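To keep things clear, I will list the structure first and then write my remarks on it.
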Amino acid sequence: MKGKPTDIEVANLNSELLGREAVLRNFPEGLIRERMQAIATKHGEGDVPDFRRNWDKWPEEDQSEYRRFKEIREIRDGEKLIDPVDAYAAKARSNLFKVRDRDAFDALLSQIDWPLETFSGEEDDGLVGVIVTNEILGGWPTDAIVRAAPGAQPDDDFFALVSRHLAAGEVAVFVEVGGYCLEIHHLTDVFARMNPENTLAIGGYSIAINSEAQRVRVDLDEAYEQARRLSPKKLRPRPVAEATLAEYEEFVKLPMPESAEE
Amino acid sequence: MPAYSAIGLTNYFRVKDKEAFYEAIADYPAKVFVHPEDDQLISLAAECYDDQGWHKTTRSGKRFSIYSTVGKHLADDEVAVFIEVGGARLTYLGGKAIAVNSKGKRTTVDLSDIYEKARALTKDGELPRPAFS
Chain E
1 MKGKPTDIEV ANLNSELLGR EAVLRNFPEG LIRERMQAIA TKHGEGDVPD FRRNWDKWPE
61 EDQSEYRRFK EIREIRDGEK LIDPVDAYAA KARSNLFKVR DRDAFDALLS QIDWPLETFS
121 GEEDDGLVGV IVTNEILGGW PTDAIVRAAP GAQPDDDFFA LVSRHLAAGE VAVFVEVGGY
181 CLEIHHLTDV FARMNPENTL AIGGYSIAIN SEAQRVRVDL DEAYEQARRL SPKKLRPRPV
241 AEATLAEYEE FVKLPMPESA EE
Chain S
1 MPAYSAIGLT NYFRVKDKEA FYEAIADYPA KVFVHPEDDQ LISLAAECYD DQGWHKTTRS
61 GKRFSIYSTV GKHLADDEVA VFIEVGGARL TYLGGKAIAV NSKGKRTTVD LSDIYEKARA
121 LTKDGELPRP AFS
């Protein structure tokens, strides 16, 4: 995809999103309730959630704190979407393949700080596949995320890690498709919500790797390389305007949102 | 299989005659975007992104090749690149890119080509296992 950010940019972007997501999604329900109740009790309120008789008399800072925990609870429970963001949203899925040791493979995935899940085929044949469950994080784990996992080598990427777990002669195929979108929320099906007005560019790639770490790749960007052989003129891919690209850069530099860790 | 959703976009390209081009695609389900700084540059987007990408028929059901039509209308030496990505929830993901020039020549890249390419990685040149069973 033209204008695809560098790995470092993606890692920065994703660490912010992941940080926010992880903080909010994993915030213990008991702690949220405890904090809200503590503020309410301070003002002589009862146990009925969200019914505060003396709300107007609460100091503004307590109202604000109470609202903040209420919002965290709503986000945590999926009742409220996080503020829309501009992001590279993608879907990623592998084929079904055989690994040498399923437990070791599951342990590997759990050590990568990325929303990865396994799936199986309809037949009970021991085959496994991998999907990325959060589309807004941008597809397969970035190299920076992978290399932070225990046991990863400095030049590893996600596909190399999986390759080491493949049964002899197996080939894993990974597909990622996505686009740079403006103003999207955390979505369950990004393509159903993407539209030409909010999508700046789309692209994708697929990688196949075998148990000996040999790999091949197909990238939709190759169409632009091929197109250059069809015309001597300079191509004008989307996004075309510098201003549009700048918007994405601004997003990469977004300040860390207010989190519940404070 | 769950419903397939896809989105299709092109790069910006010039056509010989904008009015004639608009007339040619009037019945085709696509949106036209004009470059904000150069109104002779056009980009298309597949309209029914929640169904399929670049449609093979017009709204009235006639067979229609958007690639051929754009190729015929492109200004000299122009190239249009049609990209489409989509998926059926998480059961299938796909992507395709077709470039066409003003002489009607085309090239295609399809992410599913990875399976054919990966024969080189399997023993006996077999295809890798599929994405779902």
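Chains as they are written, first to last, in the working numbering: chain E, 1 to 262; chain S, 1 to 133.
Even glycine gets a Cβ: it sits at the ideal position worked out from N, Cα and C.
Values in this document were obtained by computation on a predicted structure and should not be read as measured data.
8 Å Cβ cutoff, residue i in contact with chain S
i	result
residue 171/E	yes
residue 150/E	no
residue 37/E	no
residue 175/E	yes
residue 121/E	yes
residue 230/E	yes
residue 130/E	no
residue 208/E	yes
residue 227/E	yes
residue 146/E	no
residue 233/E	yes
residue 214/E	yes
residue 186/E	Because residue 186/E sits at a pLDDT of 44, beneath the cut-off of 50, its placement in the model cannot be relied upon, and the point is left open.
Neighbouring residues, chain S, relative to residue i (Cβ below 9 Å)
i	result
residue 222/E	97, 107 and 109
Interface residues of chain S facing residue i [CB-CB closer than 7 Å]
i	result
residue 97/E	129
residue 161/E	Those within 7 Å of residue 161/E in chain S number zero; the least Cβ separation is about 17 Å.
residue 116/E	Under the 7 Å cutoff, chain S gives no residues; its nearest Cβ is about 12 Å from residue 116/E.
Listed by chain order, chain S residues near residue i by CB distance under 8 Å
i	result
residue 178/E	85
residue 42/E	Residues of chain S passing the Cβ test: none, with the nearest at roughly 46 Å.
residue 167/E	Correct list: empty, because the minimum Cβ distance to chain S is about 11 Å.
Chain E residues whose Cβ lies nearer than 9 Å to that of residue i
i	result
residue 21/S	Simply none; closest approach about 16 Å.
residue 42/S	Simply none; closest approach about 10 Å.
residue 66/S	Here the premise fails: no neighbours, minimum Cβ distance about 14 Å.
residue 18/S	Per Cβ cutoff of 9 Å: no residues; residue 18/S is ~16 Å from chain E at best.
Test: residue i CB closer than 8 Å to a CB of chain E
i	result
residue 15/S	no
residue 25/S	no
residue 34/S	no
residue 39/S	no
residue 28/S	no
residue 123/S	yes
residue 117/S	yes
For residue i, the residue or residues it bridges with in DSSP
i	result
residue 41/S	14/S
residue 216/E	208/E
residue 106/S	100/S
residue 82/S	10/S and 98/S
residue 179/E	89/E and 202/E
residue 5/S	87/S
residue 46/S	30/S
residue 131/E	93/E and 117/E
residue 174/E	94/E and 207/E
residue 92/S	88/S
residue 179/S	Since the first residue of chain S shown is 1 and the last is 133, residue 179/S is not available in this structure.
residue 70/S	Answer is none; residue 70/S lacks a bridge partner.
residue 230/E	Its beta-bridge partners do not exist; DSSP assigns none.
residue 57/S	63/S
Partners in chain E for residue i, counting only beta-carbon separations shorter than 8 Å
i	result
residue 69/S	Near residue 69/S there are no residues of chain E at all, since even the closest Cβ is about 17 Å away, more than 8 Å.
Proximity test, residue i beta-carbon vs the ligand MN heavy atom, cut-off 7 Å
i	result
residue 115/S	This structure simply doesn't include the ligand MN, nor any ligand for that matter.
C-beta neighbour in chain C for residue i, strict 8 Å
i	result
residue 100/E	Note that chain C does not occur in the displayed structure, where the protein chains are E and S.
Length at least 4, wholly inside the region 139–164 of chain E: the alpha helix (DSSP H) runs in chain order: 143–147
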